[in-house]
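Taking it in order: structure first as structure tokens, then the write-up.
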Amino acid sequence: MVKKIFFLLSIIAIFSSCGGDDSSDVIDGPDANEEINRVEIDPEKINALIEMFPSPIEMAATIEDLKVPYSKKNLVPTETAGDFDANFEKALGLGMLSADLGYLNVYKRKNAIVEYLTSIKRIADALDVDQFFDFQTLKRLATNSTDMQKLMYLSVTSYHDMDAHLRETRRSDLSALMITGVWLEGQYLAAKVNQFKSDKKTEEIIVGQKDILKELLEVLDMFNEKARFDGMNKQFHELATLYDNVKIEIIDGEDEIIKEGDITLLIPGEHTTIEYTQEDLDKISNKIIKIRNNLISL
Amino acid sequence: MKKIAILIAITSLFIFAPQEETKAQCKQQRVYKCARQGGNAIYLRDFNTKLRAVRSSRSINGTKWPVVLNRGTRYRFILCTPIKSRNDVKLTLFDSRHPETKPWNSTEKSNTDKFDFICKRSGVYYVSIRFKPGKGRSKTCAVGILSFVGKNQ
């Protein structure tokens, strides 16, 4: 009897230890056909770095707010997304498609939303994060509802939940690829918009990413030893060197507080000036476009 | 056999319950309701946390999250808590040049549960949700919402 109790309690203890240890994030290569490297990374560090990156809808909201006309031709074609084979491409593609879905959401393009939801669902299934992507509800909202706010909310929370699950299941490399996909697609859209209609605000969105790219590289460099990261990271480092000529200076100033109804608005006095040339902007924009197009045609 | 079942149940409680408690956050319904308080602003992300009861006056309770903000964008920050702890919790926005003790803004400083911030420097900022000084006798949960209001025209 005592043996039986001991045996059962041991089983419970074993099960309880599964997934409970967050002391280190051991990352195995996700693809059977890819080289398997084990990288020991502090999960708290990687979580903090990844979680800080912008939402997949932010760049789209920015572009829409600048009154740029809608253009589907700049998005990742869903047929291309169907060709993403390895988990490396799928995770990167999941980020890019999520940014594109954000774009379609803010421009309220319902037919295209369903098309992109279907592509994302396929990738989410393959990466085993589909339980965080409520395809049926999202599709119903896209087709039958006028509540775009709810659709946007659910799209963004699904993205964050899938990303969090990848990290919880020790696949931080895929999570890093997702945020890379979101960032790159956002910058690609900004670069394409700027080619169509150049304006100071769009230019500054692109050249103003200098420090954010440094943060992204800090994440990506953690995975340098993993198959296929090395090649991609080299391209991002080349992009970072193009920002060397961009000078961002912080200027002090007095804060301004304005009351607007029940909202308090803070306008910081401290601000930045960005110095760059047309050549810097062109080089950066072209490099972003090149990296993005290379990655989706892997 | 009954004794074994009871023993297993008790052991399971001790093993699983504490983990569940530390992970407890506000329910998704509360997060969604809070996000809707942003009006036409577009939801970007949430900061969902559980705040444990304060045991001593020196304990700093709460959570902080790094967040990248983009220059030229007007953001909205909203704090939602259960009614019982409505005036006990604060949301603070700070960065490396404006530390948490001297932040950009907070719901406590602005004396409301929401405030807007026009970002003038792209980079990493921090959002924290903590009990106000002298508050927090009982545990609660709290949600912060970050949303996009628009480009500063």
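Quick note, the sequences are listed as chains E and R, same order.
For the first sequence, this note's numbering gives the first residue as 1, with consecutive numbering after it.
For the second sequence, this note's numbering gives the first residue as 1001, with consecutive numbering after it.
Where a beta carbon is used, it is the ideal one built from N, C-alpha and C, also for glycine.
| Check | Outcome |
| --- | --- |
| Cβ neighbour criterion (16 or more within 10 Å) applied to R171/E | buried |
| As assigned by DSSP and simplified to three states, the class of D130/E | helix |
| Y1075/R and C1034/R closer than 8 Å at C-beta | no |
| Cross-strand partners of C1141/R (DSSP beta bridge) | K1050/R |
| Beta-carbon gap between N224/E and S285/E smaller than 8 Å | no |
| Proximal residues of chain R, C-beta to C-beta of H271/E below 9 Å | R1071, K1120, R1121 |
| Inter-residue Cα distance where the pair is C1026/R and I1060/R | 20 Å |
| Chain E contact residues for R1045/R, given Cβ-Cβ distances below 8 Å | S55, V156, H160 |
| 8 Å Cβ cutoff, I113/E in contact with chain R | no |
| Proximal chain E residues relative to G1150/R, where beta-carbon distance stays under 7 Å | D65 |
| Opposing strand residues paired with R1074/R [DSSP bridges] | I1118/R, G1150/R |
| D163/E versus M178/E - alpha carbon distance | 7 Å |
| Per DSSP, cross-strand counterpart(s) of H271/E | I251/E |
| I1042/R burial status per 10 Å Cβ neighbour count (16 or more: buried) | buried |
| Beta-carbon neighbours of N1048/R, restricted to chain E and to distances below 9 Å | What N1048/R touches in chain E: nothing, since even the nearest Cβ is about 10 Å away. |
| Assigned secondary structure, R1045/R (DSSP; H/G/I helix, E/B strand, else coil) | strand |
| The region 1091-1107 of chain R / the region 1125-1132 of chain R touching (three or more Cβ pairs under 8 Å) | yes |
| Per-residue contacts from K1027/R into chain E (C-beta, under 7 Å) | Within chain E, no residue comes near K1027/R; the closest Cβ sits about 13 Å away, beyond 7 Å. |
| Beta-carbon proximity check, D173/E vs F132/E, cutoff 8 Å | no |
| Close beta carbons around D1116/R, own chain, < 8 Å, minus the five adjacent residues each side | R1074, Y1075, R1076, F1077, V1149 |
| Reference K1154/R, options L1051/R, R1055/R, N1070/R, closest by Cα | Since the first and last residues shown for chain R are 1001 and 1153, residue 1154/R lies out of range. |
| Element boundaries [alpha helix (DSSP H), containing Y243/E] | Careful: Y243/E lies outside any alpha helix (DSSP H) and carries neither H nor E. |
| Boundaries (first-last residue) of the beta strand (DSSP E) holding V1127/R | 1123-1131 |
| Chain R within 8 Å of I212/E, Cβ atoms only | yes |
| C-alpha gap between M152/E and G102/E, whole angstroms | 7 Å |
| Proximal residues, the region 1100-1132 of chain R versus chain E, C-beta separation under 7 Å | W1104, N1105, S1110, T1112, K1114, F1115, D1116, F1117, I1118, K1120, R1121, S1122, G1123, V1124 |
| Under 8 Å from the C-beta of V1068/R: neighbouring residues of chain E | M52, F53, P54, I212, E215 |
| Contacting positions in the region 268-292 of chain E - beta carbon closer than 9 Å to chain R | P268, G269, E270, H271, T272, I274 |
| G1062/R - DSSP class collapsed to helix/strand/coil | strand |
| Three-pair Cβ contact test at 8 Å for the region 254-267 of chain E versus the region 61-77 of chain E | no |
| Proximal residues of chain E, C-beta to C-beta of A1035/R below 7 Å | Y153 |
| Meets three-Cβ-pair contact criterion under 8 Å: the region 182-198 of chain E and the region 68-79 of chain E | yes |
| Interface flag, I1042/R vs chain E, CB-CB below 8 Å | yes |
| CB contact check: T62/E to chain R, cutoff 8 Å | yes |
| Residue interval of the alpha helix (DSSP H) (run including K1090/R) | Note, K1090/R: premise wrong, no alpha helix (DSSP H); beta strand (DSSP E) at 1089-1094. |
| Residues within the region 250-269 of chain E neighbouring chain R, beta-carbon criterion of under 7 Å | I250, D262, I263, T264, L265, L266, I267, P268 |
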